[in-house]
Structure formats: C-alpha cells, structure tokens
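Participant: Converting from the sequence shown to my numbering requires adding 116 to each position, the first position being numbered 1. We treat Cβ as the ideally placed atom computed from N, Cα and C, and that holds for glycine. Before I ask anything, here is the structure I am working with.
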Amino acid sequence: MSKKKIAKVCKLQFPAGGAKPGPALASAGIQMPAFCTQFNEATKDRMGDIVPVVITAYEDKSFTFVLKTTPASNLLLKAAGVKSGASNAKTGKVGSITVEKLREIAEYKMPDLNANDVEAAMRIIAGTARNMGIVVEGME
C-alpha cells in the first residue's frame with residue numbers, strides 16, 4: 117500500500133459544532149461539506165468553545181483532522197468572567213481567578229502544552245493570565 121501524498125496542512129479555529137464552508141476551508145483544498153459534518157459531529161459536546169483543528173489535506177482531496185484543546189486565553193477569560201484582556205497588562209487588571217481554577221485549566225490543556233507536569237503547565241497558563249491582565253489569587 118502506498119502512502120498518500122500530503123498536499124497541505126492547515127491550522128484553523130472554529131466554534132464547536134459551528135464549522136461552515138467558507139474561504140478558510142476553501143484554502144485547505146478539501147471537501148468542505150464532508151469536513152463540516154465530521155467536525156460538527158466531533159465537537160457537539162464542546163458547544164460554546166473555540167476548537168482549534170489541524171487539517172491534513174491529501175492530493176486526492178481526502179483529509180484527516182486533529183482536534184486541539186480550547187485556547188488558554190479563551191478559558192481564562194471565561195474563568196475570570198470578563199469579555200477581553202487588559203489593553204496594558206502591566207498597569208491594568210481586568211479580573212482574577214483562583215489557583216484551583218488555574219490548575220483545572222492547566223490539567224485540561226496538558227495534552228497540548230510542552231510541560232512535564234501539572235505545575236509546569238500551571239506556570240505556563242499563569243504567564244498567559246499575567247499577559248492578559250488577569251490576576252491569579254494565591255500564586256506568587
């Protein structure tokens with residue numbers, strides 16, 4: 117059996133259960149309705165979240181895709197209950213989260229992070245929170 121030749125690899129983000137044919141998918145060179153149906157079916161349990169996806173398109177117009185975890189920034193905004201991060205994170209603080217919530221987000225993001233343990237993942241997520249103007253209560 118010969119291997120399929122990869123034509124393109126695309127990294128896109130769609131709302132869970134809400135992928136629609138459009139310009140972003142057209143650039144991938146895949147069968148858009150088939151992808152939308154499969155993606156929406158696979159993400160229907162994550163409604164309300166943004167879902168990053170890595171699409172591998174092959175020369176014969178077939179494709180495979182891998183779902184990633186929701187971006188840390190979206191999870192932090194939801195946890196802090198704010199609409200957006202601070203325009204200047206050094207001077208403005210927009211909200212706060214607890215260390216327990218930080219641990220929960222870090223455990224969820226573990227598969228996509230370059231961290232060996234949950235504490236390292238927590239430090240990565242805490243850095244993202246700091247850059248957004250979100251204070252982590254109970255962490256130095």
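1) Quick check on this structure: which residue in Met248, Ala222, Asn247, Thr244 has the alpha carbon closest to the alpha carbon of Ala236?
2) Can you give me the Cβ contacts of Pro227 inside the same chain, cut-off strictly under 7 Å, excluding the 5 residues immediately before and after it?
3) What number of angstroms, rounded off, separates the C-alpha of Met117 from the C-alpha of Thr180?
4) Since Ile213 contacts Ala196 with CB under 8 Å, what's their CB separation in whole angstroms?
5) Where DSSP assigns a beta bridge to Tyr224, which residues make up the other side?
6) Tell me the DSSP bridge mates of Glu157?
7) Please list the segments of the beta strand (DSSP E) lying wholly inside the region 175 to 210, counting only runs of 3 or more residues, in order along the chain.
8) Answer yes or no: do Val215 and Gly254 have a C-beta to C-beta separation smaller than 8 Å?
9) Using only the alpha-carbon positions, how far apart do Ile146 and Glu157 sit?
10) Can you give me the Cβ contacts of Glu220 inside the same chain, cut-off strictly under 7 Å, excluding the 5 residues immediately before and after it?
11) Looking at the structure shown, is Ile250 part of a helix, part of a strand, or coil, going by DSSP?
12) How far does the alpha helix (DSSP H) with Leu141 in it reach, from first residue to last?
13) Give me, in chain order, the residues of the same chain whose beta-carbon lies closer than 6 Å to that of Lys120; leave out the 5 immediate sequence neighbours on both sides.
14) With 16 as the cutoff for other CB atoms within 10 Å, does Thr159 come out buried or exposed?
Facilitator: In this structure, then:
1) Locating residue 236 in the sequence shown gives position 120, counting from the first residue. For the options Met248, Ala222, Asn247, Thr244, the alpha carbon positioned closest to that of Ala236 is the one of Ala222.
2) Your numbering for residue 227 matches position 111 in the sequence shown. Excluding sequence neighbours, Pro227 sits near Thr185.
3) The residue given as residue 117 occupies position 1 in the sequence shown. The residue given as residue 180 occupies position 64 in the sequence shown. Unreliable positioning characterises Met117 in this predicted model, as indicated by a pLDDT of 44, which lies under 50. A coordinate reading is not provided.
4) Here residue 213 refers to the residue found at position 97 when the sequence shown is read from its first residue. Here residue 196 refers to the residue found at position 80 when the sequence shown is read from its first residue. Right, their Cβ atoms sit about 5 Å apart.
5) Taking the sequence shown and counting its residues from 1, one reaches residue 224 at position 108. Secondary-structure assignment with DSSP links Tyr224 through no beta bridge to anything.
6) Here residue 157 refers to the residue found at position 41 of the sequence shown. In DSSP, Glu157 forms no bridge with anything.
7) Counting whole runs of 3 or more residues, the region 175 to 210 contains the beta strand (DSSP E) stretches 179 to 183.
8) Translated into positions along the sequence shown, residue 215 becomes position 99. Translated into positions along the sequence shown, residue 254 becomes position 138. Between Val215 and Gly254, the CB-CB gap stays under 8 Å.
9) Stepping through the sequence shown from its first residue, residue 146 is reached at position 30. Stepping through the sequence shown from its first residue, residue 157 is reached at position 41. Rounded to the nearest angstrom, the two C-alpha atoms are 17 Å apart.
10) As a first step, residue 220 is located in the sequence shown; it is residue number 104 there, counting from the start. Once the five neighbours on either side are set aside, Glu220 has no close Cβ partner at all.
11) The sequence position of residue 250 within the sequence shown is 134, counting from 1. Ile250 falls in the strand class under three-state DSSP.
12) Walking along the sequence shown from the start, residue 141 turns up at place 25. It spans 139 to 142 - the alpha helix (DSSP H) in which Leu141 sits, taken as one unbroken run.
13) Position 4 of the sequence shown holds residue 120. Contacts found: Tyr174.
14) Locating residue 159 in the sequence shown gives position 43, where the first residue counts as 1. Here Thr159 is buried. Its C-beta has 16 or more other C-beta atoms within 10 Å.
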